[in-house]
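Residue 341 in our numbering sits at position 341 of the sequence shown, and the numbers go up by one each step.
We put the CB at the ideal spot given by N, CA and C, even for glycine.
Please read all numbers here as calculations on a predicted model, not as lab measurements.
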Amino acid sequence: MKLTEESSTRKMRTVVSFLTGFSFEDVGIKNMKSKKEKRTKKHIFGKIILKEYLLSKHFDLPPKATDSVRKAISVLLCFVLALTLFPILGRTCAASSEAEEAAQSLYELGLFSGTGTDENGKPIFDLDRAPTRHEAVTMLVRLLGKDSAAKGGNWTTPFTDVAEWAKPYVGYAYANKLTSGTSDITFSGAEPVSAAQYITFVLRALGYSSDSDFQWNKSWELSDKLGITDGRYRGSSEVFTRGDVAIISASALDAKLKNSGDSMLEALIRSGAVMMPIRPLTIVREVAELQASGDVEPFSEYWFGNMRIDADLSDYMGLAYSLTFADNTFFPVSEKLPAGFDQKALLEWGKYPGLNVDILHAHGFTGKGAVIAYVDQPASSHEEYERGSIHKKNNTDNDSSMHGPAVLSLLAGKTIGTAPEAEIYFYGHASWKSDQKTHAECLNQIIEQNKKLPEGQKIRMVGFSDNIDDQESNADAFRAAVKACEDAGIMVWFCGEYSALSFVPLSDKNDPANLMPTGWGSSNPDLVYVPSSGRTTASTDNGSNYIYWSDAGLSWTMPYVLGLYAIAIEIDPTLTQDQLRTMIVETAYLDGAERRIVNPVGFVASALHGVGRDEEAQALLDEVRARTRYLYAVMDTAQMNEEDLTAVGNYLASITDATVLICGCSKVCRRSKLVCGHAEGCFAAGRRRGGCPDFRNSVYGSGVSNRVQGANGQWRGRGRHTPD
């Protein structure tokens with residue numbers, strides 16, 4: 001398969017998504033504390049990793065980039081989806097979230113049961129409770145996928161103390177030499193199981209013997225060596241819990257069986273005990289170093305001063321997309337630009353806030369009726385926000401700035417803002433003086449302004465693309481003014497409550513999977529991530545009208561979120577600042593790196609639910625689901641070679657721009673079972689399916705290169721797929 005930089009965005013996204021099975025992997029990005037440092041960081045737009053056999057041939061990656069993914073890719077070639085199901089395998093410490101994630105993963109595979117269900121029908125795992133030996137051996141049998149075999153067997157044991165309900169599981173374990181009891185006639189099933197005992201069960205399941213391979217009372221020595229455990233159970237006197245059982249069990253799935261190249265999970269799948277659930281496949285993006293071309297350095301800014309680019313960028317796609325520029329920046333002729341690079345198209349693409357904000361606006365949730373304020377550098381007139389509901393007060397001697405028009409357009413711009421119809425009181429101040437008395441003065445003016453406004457038209461909140469900074473003068477005055485605002489019923493928001501992400505250039509902005517870390521991110525897991533880069537803002541400087549920001553900081557996060565808060569308080573004026581904070585966190589998307597990404601539609605739907613407007617909330621959510629289409633590719637990956645994967649990838653790229661998911665069907669021989677699994681997968685994902693090409697009978701040799709079998713069983717030529 002040949003993927004070049006001239007390939008279409010759609011084709012690359014589909015094929016890469018199809019061929020990989022990993023979550024986004026960010027290599028080498030570090031948090032940057034200043035603009036000076038950010039010039040040294042690595043960039044996300046350099047290269048895209050497919051598989052090892054494609055790296056050196058089609059992408060000129062440095063050797064260390066290839067080496068950094070070699071191990072992961074070799075696992076991928078062996079078993080596409082295994083690692084995506086168990087992000088907890090590389091754990092470093094025990095934690096309730098780790099145990100919960102392990103239990104949920106095992107539960108989805110049918111290898112772990114809860115102790116009941118909650119009011120929403122979700123399993124209760126009871127992970128903090130110490131399990132008995134009865135429960136432990138039961139969980140082990142289920143882990144092995146032998147629940148039905150145990151229940152259906154007629155077992156005999158010498159033990160006289162086994163509870164009636166546990167006899168099938170103890171019997172199966174005894175017959176298969178997984179347990180030998182605590183004496184010749186006792187199993188001691190009511191006693192708590194220890195870490196050493198459960199690890200012994202697991203090691204025996206992997207084919208190891210407590211007579212020759214390890215000592216049962218020091219079983220952690222072998223499990224540590226095998227990577228199943230990490231030393232935490234070595235001589236531990238702490239209570240062994242069901243959470244520990246889940247962690248060890250999930251980790252054991254990735255361990256190799258004794259004298260075998262197969263992991264426990266692979267063996268379970270091969271035996272038919274486990275059916276792989278349908279999972280979205282995502283692109284693995286390698287973070288590559290960008291190289292300068294002539295005098296153009298990565299992440300250079302061409303919106304002020306020198307606004308002319310003369311260097312040849314034709315072979316530097318990543319470099320070109322890393323630049324920040326204005327609509328009047330001079331670029332070289334098309335022959336010196338990367339194929340497909342379009343300055344105007346990128347500027348237009350950057351205006352859209354993304355993450356389905358357009359759905360909110362189409363349903364009339366534009367902030368109209370909300371009254372809010374913003375304090376930033378001065379902003380002069382601009383077509384994006386020049387309307388009667390924008391009230392500006394300039395407390396400086398400057399008519400305008402770069403920063404003011406940018407944040408005002410991100411908040412309330414007619415084509416850029418999240419709240420394009422909110423009423424805004426915008427206060428310009430001289431933040432460049434590093435004296436926070438100017439911040440305080442603006443807040444005091446807002447308090448006085450509110451005294452003049454009638455009820456129902458008062459300012460409810462004010463935003464800053466800034467924070468209280470004790471390194472600047474008069475921070476205490478700023479702090480006191482914030483307190484005065486809060487006492488007057490005005491919420492005050494700072495950008496330090498959020499972290500920043502960047503949209504991949506020209507990607508689908510409605511898909512949170514197309515957001516990547518920037519140098520302005522945070523390591524604080526409690527922060528909500530907000531798009532700040534890959535955005536276009538209003539400009540009134542240097543003769544420009546708009547600036548495209550490839551690498552913006554936290555300043556652009558606050559107006560984005562404040563616009564959503566404006567919509568929420570228009571829906572429910574009783575919402576408090578703490579309630580808004582909770583809602584923005586609880587409704588956030590959670591990506592593969594456990595980052596919480598702002599979810600505008602989910603957030604507004606939550607506000608609607610809070611006031612009983614459930615039908616409107618559901619209409620918003622349904623529209624998001626309706627625009628997200630997945631195409632399921634059903635195949636027996638165990639029988640597919642590289643040529644097959646390449647051919648199928650090319651075919652899928654030619655017929656769809658939907659996200660492609662793999663449905664493994666090695667053990668599915670009846671179409672009815674396959675269709676049921678397909679429907680359940682669609683329901684669980686909350687997505688509309690866009691078709692289901694079936695490759696089960698055409699994956700051998702090179703046959704798949706010439707034809708595919710459609711979901712209705714009819715053979716179709718390539719490129720003529722009709723969604724079912």
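Cut-off 8 Å between Cβ atoms - residues of its own chain near residue i, not counting five sequence neighbours on either side
i    : result
Y208 : F214, L222 and K258
K437 : S473, N474, A477 and F478
L127 : S96, A99, E100, A103, T241, R242, G243 and A246
W303 : T324, F325, A326, T329, M402, S539, D541, N542, S544 and I547
S271 : G145
CB of residue i within 8 Å of CB of residue j, strictly
i    : j    : result
P600 : V357 : yes
Q291 : Y321 : no
M264 : A255 : yes
N217 : A196 : yes
F503 : G553 : no
L410 : W556 : yes
A500 : S465 : no
V170 : T157 : yes
Y385 : G350 : no
A163 : H134 : yes
R596 : A588 : yes
V598 : Y529 : yes
I248 : I228 : yes
A647 : A607 : no
D161 : T186 : yes
Range of the contiguous alpha helix (DSSP H) that encloses residue i
i    : result
G243 : R242 to A252
K414 : Counting along the chain, K414 falls outside any alpha helix (DSSP H), and DSSP gives it neither H nor E.
S148 : D147 to G152
P168 : K167 to A175
D397 : Looking at the DSSP string, D397 is not in any alpha helix (DSSP H), and its letter there is neither H nor E.
D262 : That residue, D262, is in no alpha helix (DSSP H); it is neither H nor E in DSSP.
D487 : A475 to D487
M139 : R133 to L143
N444 : K437 to K452
Opening and closing residue of the beta strand (DSSP E) in which residue i lies
i    : result
F494 : M491 to F494
G428 : E423 to G428
G463 : M461 to F464
T324 : T324 to A326
A500 : Y498 to F503
A373 : V371 to D376
L515 : L515 to P517
Other residues of its chain near residue i: CB distance less than 7 Å, five sequence neighbours each side excluded
i    : result
F331 : I309, L337 and Q343
D508 : N514
S293 : A311, D312, L313, Y316 and L319
S7   : Below a pLDDT of 50, predicted positions are generally treated as unreliable, and S7, at 28, falls in that range; the measurement from the model is reported next regardless. Hits under 7 Å: none found.
N394 : P378 and G428
R671 : Because R671 carries a pLDDT of 44, less than 50, the predicted location of this residue cannot be relied on, and the following value inherits that uncertainty. Here the set comprises nothing.
S194 : F240
V611 : I571 and D572
Same chain, Cβ closer than 6 Å to residue i, five either side skipped, listed in chain order
i    : result
G463 : Y374, W493, M558 and L562
V333 : none
D224 : G231
L140 : F201
S113 : none
F125 : A103 and G114
R129 : R242
A150 : V141, P168, Y169 and Y172
L111 : R142 and L143
The ligand ATP heavy atom lying under 7 Å from the CB of residue i
i    : result
K451 : For the structure depicted, the ligand ATP is absent and the ligand set is empty, with no information on it obtainable.
> Is the segment 414 to 424 close to the segment 360 to 374, with three or more CB pairs under 8 Å?
Replying inline: Because the criterion of three Cβ pairs below 8 Å is met, the segment 414 to 424 and the segment 360 to 374 touch.
> Unbroken alpha helix (DSSP H) runs of length 4 or more, entirely within the segment 529 to 617: which are they?
Replying inline: Runs found: 557 to 571, 577 to 586 and 600 to 610.
> Do the segment 445 to 455 and the segment 421 to 428 meet, that is, are 3 or more Cβ pairs less than 8 Å apart?
Replying inline: Yes, the segment 445 to 455 is in contact with the segment 421 to 428.
> Is the segment 587 to 594 touching the segment 567 to 577, taking contact as three or more C-beta pairs under 8 Å?
Replying inline: The segment 587 to 594 is not in contact with the segment 567 to 577.
> Which ranges does the alpha helix (DSSP H) cover as unbroken runs of at least 4 residues, wholly within the segment 172 to 230, from first to last along the chain?
Replying inline: The DSSP assignment places complete alpha helix (DSSP H) segments of no fewer than 4 residues inside the segment 172 to 230 at 195 to 205 and 220 to 226, in order along the chain.
> Fully enclosed by the segment 292 to 369, which beta strand (DSSP E) runs are 3 residues long or longer?
Replying inline: 324 to 326, all fully within the segment 292 to 369.
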